[in-house]
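Chemist:
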Amino acid sequence: MPTLASREGQACGALDDVLLNGLSQDRLRRLFSHAAGRSRGLQNLPLNWSLGLQPGAALFELDQWLSALDAPSRLRTDGIDPRPILIPVLDMLANGLAMAERACSEAERRHEATSADLAAACEAINAEFGPDAMWPCAGPCLRPEA
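Numbering (the numbering used here), first residue to last: 298 to 443.
1) Would you kindly work out how many angstroms separate the C-alpha atoms of Pro343 and Leu366, rounded to a whole number?
2) Based on Cα-Cα distance, which residue from Ser347, Gly393, Leu356 and Ala333 lies nearest to Ile377?
3) Which residues bound the alpha helix (DSSP H) around Phe329?
4) With DSSP run on the structure shown, which of helix, strand or coil describes Asn318?
5) Only counting runs of 3 or more residues, tell me where the beta strand (DSSP E) segments fall wholly within the segment 334-409, in order along the chain.
6) Out of Arg335, Asp313, Gly353 and Ala333, state which residue places its alpha-carbon closest to the alpha-carbon of Asp323.
7) Taking Cβ positions, are Ala391 and Leu359 nearer each other than 7 Å?
8) Taking the beta carbon of Leu317 as the centre, do at least 16 other beta carbons fall within 10 Å, making it buried, or is it exposed?
9) Could you check whether Leu328 and Leu312 sit closer than 7 Å to each other, using their CB atoms as the reference points?
10) Count the other CB atoms within 10 Å of the CB of Pro379; is the residue buried (16 or more) or exposed (fewer)?
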């Protein structure tokens, strides 16, 4: 099945679109329609989060979004204010690829630390039990070439 055929694939595609092309009302509506209630940051986002936003409003910068969200929050009669949920997410998305690069660098750093720990553990096992001690358990995919 192609990746974009799944709901998760569509959500990834929507996130990719925002990160690569920036904030826009259409892109964020698409992303939030896939991620609301499913991702940690948007877990409690109400389905009608965009109530009061002008559909044709040009919202391409974070400041424009903040202003656009202020007016409807005062006019909403349901007492729901989506701004505490939306603003941190919008702030993160507005930083786009820079934020993604920082996240990737952190993940890479953690992976390197884990790899170094694993290598040290393997060396300790080899030193104590001999070089072939752990390979019967590891299976043929991890067994070194003879």
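For glycine and all other residues, C-beta sits at the position ideal for the given N, C-alpha and C.
Modeler: Here's the rundown:
1) 14 Å
2) Ser347
3) Gln322 to Ala332
4) helix
5) Complete beta strand (DSSP E) runs here, min 3: none at all.
6) Nearest C-alpha to Asp323: Gly353.
7) yes
8) exposed
9) yes
10) buried
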